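In this note's numbering, the protein residues as written are 48 to 155. Every residue, glycine too, gets a C-beta built ideally from N, C-alpha and C. Please read all numbers here as calculations on a predicted model, not as lab measurements. Written out below as structure tokens is the structure these notes cover.
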């Protein structure tokens, strides 16, 4: 859903490549998102053979609600910490996030 969150249509083949999965896996995943009303599948106006996918309005609203809940949760984690503890926490989270990305070297 995060890839579709950009608000732009993406070709199924590009989605599969971005996810690092076979086209059949991406298609199956999009099938499930469409069935739940979270995404919409469309044929390209330029080339009818090309299938594009985008987040549905319902999917955008759900994603926004989820983002708001995550923000509230993050604030609840940081509230009891001192300013110095928050800085340390955020610095550590930034390092963890960086290390979680494929092909990223250790920033130490």
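| Asked | Found |
| --- | --- |
| Own chain residues within Cβ distance below 7 Å of residue 76, not counting five before or after | none |
| Through-space distance from residue 118 to residue 96, alpha-carbon basis | 40 Å |
| At least 3 beta-carbon pairs within less than 8 Å: the segment 99-110 vs the segment 51-62 | yes |
| Cβ contact check for the segment 77-94 and the segment 103-111: 3 or more pairs under 8 Å | yes |
| Alpha helix (DSSP H) runs contained entirely in the segment 64-106, provided each spans 4 or more residues | 70-82 |
| Residue 51 burial status per 10 Å Cβ neighbour count (16 or more: buried) | buried |
| Close beta carbons around residue 133, own chain, < 7 Å, minus the five adjacent residues each side | 125 |
| Beta-ladder partner(s) of residue 135, from DSSP | Partner(s): none; residue 135 has no beta bridge. |
| Alpha-carbon to alpha-carbon, residue 149 and residue 64 | 15 Å |
| Neighbour-count burial assignment, residue 147, 16 or more Cβ in a 10 Å radius | exposed |
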